[in-house]
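Have a look at the structure below before the remarks.
Residue numbers (the working numbering): 1 to 636.
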């Protein structure tokens, strides 16, 4: 069998280079990170803030958590395994981190946790976590990509960031056995869909480079064609990362050019540093950049329950130990031995890309279960949020994995009080390899909906061992009262009739009850394309008194009341950024009382279509609240 030979000395040197390069790039870009991108470029060519060991950064420390997961759960770990470590070990909750963890706490599994109610699925949270997968699958990008996919769908399913992490993992894995940066970029591109924004951003840079444009000109092209005001938008950052890789003349120059492009500076710098470190190894990195940081790993207070290496040397040893096991178990065409032979590397890698492309078609709204006798899946056609009196469809599929004929039945046990159609159990007969689908729908009243709703699916096989029950979980939606739309004067300071009673705990004339499936306030259609003002009322039941961060992130202006008192008003108009922790304009800290709390919001829609969300989280760590009631009114 044709194979790639990678010496243990080279393998270790490149893993070490990856981690120290990651640390260096993150230390350059970390102090410059903002929540919004800016037109102006930075002009930084050395560490803005030099701290021994580097600056704590989620880019690296979450990968230490994944290392622990590999050690504890084994090398066949899945997104479901990683979900537990998100809840056990990671305290902070910016953007997609917080939103998907709330989904996990409500009972949803990956990939549903990363797909549902997650505005940030196209952001940088997962592309920055790719190195661990490349380092345990050196020269085997198809293996690294499978790990990267399982990682990314936890908090980015259905988003561009899944492609971003696969791209990075594939490129980095290939960099262990290839050093041509242009070829590496093209290998990475072959692993993601050509029509994805991620691919387009990277190809803009390659085209600019081939045309002889400067790196600053390439930056302007990426910014213009991939613009997002959100600094963490993944495609624009993958483009800036590519600028560092292609235009960089050496390690420091590559990192600084990526960082100086702006946007998510710690992420782009860290990834470029890691890739450069893999290509050149620790032995090939300049002491000027490496020596000031030392070898210590600095962990933030946002990581807990972690038993991880305390320095990069130990991290390298542990990574390589797992990597050798991964290569052996997955029968990779890479052998760790005494000498290097990369002559067949490019051909072997390109022949494996087809395996990666199979990941492209995996739906973000489907749960898959290997039940040994059969493979089963649940697909949420209408999403996992159940709304009152609205049918919600889902599909259960069963595939025979055995070499013999199988028969049996599918039985759905819905939550109490829910109506299932069709009601009867569904019989099936399957030849070897055959697959069948069954479409069901559920419907229920407001009184039978909880914040988390748990059903099960039983697949009972005839004359075969019993198989595990499948979780069929739904979450409650978000219940609001909306007023009519008011016209002139378009001012938050001029009261309209709804402000006559800002603490009403009852349904009154002039208000319409609606239920929405996500945090988004779906009010734009009500304005019929015209400016105006609308009021919304919402009720939250808290099981205890607690401090909270309450936000109405929007692209216009709003005023917010809590329990009859004005809590906050938009400070300045900013782009939409509906996270838990704030956008610098539309969030306030407050105390929720035990029991029912009343929210009223006044939103002004100007000439542009209105986008608005409502978010609420614990004040500590901006942690989402999975134990409050938002899906019904106090009188329902």
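C-beta: ideal position from N, C-alpha, C; glycine also.
(request) Find out if the Cβ-Cβ distance for the pair residue 241, residue 198 is shorter than 7 Å. (result) In this structure, residue 198 does not lie closer than 7 Å to residue 241 by Cβ.
(request) Could you check the C-alpha separation between residue 405 and residue 429 for me, to the nearest Å? (result) 7 Å
(request) Please say whether residue 213 and residue 19 have beta carbons closer to each other than 7 Å? (result) no
(request) Tell me whether the beta-carbon of residue 234 lies closer than 7 Å to the beta-carbon of residue 122. (result) yes
(request) In angstroms with no decimal places, state the Cα-to-Cα distance between residue 147 and residue 290. (result) 29 Å
(request) Please classify residue 2: is it buried, with 16 or more other beta-carbons within 10 angstroms of its beta-carbon, or exposed? (result) exposed
(request) Kindly indicate the opening and closing residues of the beta strand (DSSP E) around residue 336. (result) 334-337
(message) Ignoring anything shorter than 4 residues, give me the alpha helix (DSSP H) runs that lie fully in the region 167-203, in order along the chain.
(response) Qualifying alpha helix (DSSP H) stretches, in chain order: 181-190.
(request) Mind checking which residues open and close the beta strand (DSSP E) that includes residue 440? (result) 435-443
(request) Check whether the region 472-483 touches the region 548-558, counting contact only when three or more Cβ pairs, one atom from each stretch, lie closer than 8 Å. (result) no
(message) Quick check on residue 501: buried or exposed, where buried means 16 or more other Cβ atoms within 10 Å of its Cβ?
(response) exposed
(message) Taking the straight line between their C-alpha atoms, what separation do you get for residue 238 and residue 634?
(response) 47 Å
(request) Identify every run of the alpha helix (DSSP H) within the region 505-546, keeping only runs that are complete inside it and at least 4 residues long; order them along the chain. (result) none
(request) Output yes or no for whether 7 Å exceeds the beta carbon distance between residue 449 and residue 386. (result) yes
(message) Is the beta carbon of residue 84 closer than 7 Å to that of residue 120?
(response) no
(message) Can you tell me which residues form a DSSP beta bridge with residue 685?
(response) Since the first and last residues shown for the chain are 1 and 636, residue 685 lies out of range.
(request) Using only alpha-carbon positions, find the residue among 498, 515, 516 that is nearest to residue 509. (result) 498
(request) In the DSSP assignment, find the unbroken beta strand (DSSP E) run with residue 568 in it and report its ends. (result) From DSSP, the beta strand (DSSP E) with residue 568 extends over 565-569.
(message) On a Cα-Cα basis, can you pick out the residue from 627, 336, 610 that is closest to residue 595?
(response) 627
(message) So, under 8 Å CB-CB, residue 388 and residue 446 are touching, yes? Tell me the CB distance rounded to an integer number of Å.
(response) 4 Å
(message) Between 585, 111, 593, 559, which has its C-alpha nearest residue 539's C-alpha?
(response) Comparing Cα-Cα distances from residue 539 to each of 585, 111, 593, 559, the minimum goes to 593.
(request) Look at the alpha carbon of residue 536 and the alpha carbon of residue 605, and state the distance between them as a whole number of angstroms. (result) 13 Å
(message) Taking only three categories from DSSP, how would you classify residue 659?
(response) One cannot answer for residue 659 here, as it falls past the ends of the chain, which runs 1 to 636.
(message) With the cut-off set at 7 Å, would you say residue 175 and residue 184 are in Cβ contact?
(response) yes
(message) Quick check on DSSP: helix, strand or coil for residue 211?
(response) coil
(message) As a quick exercise: from 411, 370, 134, pick the residue whose alpha carbon is nearest that of residue 401.
(response) If we check each option's Cα against that of residue 401, 370 comes out closest.
(message) Using a 10 Å radius around the Cβ and a threshold of 16 neighbouring Cβ atoms, would you call residue 79 buried or exposed?
(response) Looking at its Cβ environment, which holds 16 or more other Cβ atoms inside 10 Å, residue 79 is buried.
(message) Quick check on the DSSP output: the alpha helix (DSSP H) that includes residue 79 runs from which residue to which?
(response) 79-89
(request) Say whether the region 35-45 touches the region 571-589, bearing in mind that this needs 3 or more beta-carbon pairs closer than 8 Å, one atom from each stretch. (result) yes
(message) Once DSSP output is grouped into helix, strand and coil, what is the label at residue 124?
(response) Residue 124: coil per DSSP, three-state reduction.
(request) Tell me, please, which residues DSSP counts as bridged to residue 142. (result) Beta-bridge partners assigned by DSSP to residue 142: none are found.
(message) So, with DSSP's three-state summary, where would you put residue 624?
(response) strand
(request) Output yes if chain D places a C-beta closer than 7 Å to the C-beta of residue 155; else output no. (result) Of the protein chains in this structure there is only one, and it is not chain D.
(request) Look up residue 397 in the DSSP assignment and give the residues it is bridged to. (result) 377, 437
(message) So the candidates are 66, 244, 138; which of them puts its Cα closest to the Cα of residue 333?
(response) Selected option, being the one with the closest Cα: 138.
(request) Select from 104, 266, 128 the residue whose C-alpha is nearest the C-alpha of residue 453. (result) 104
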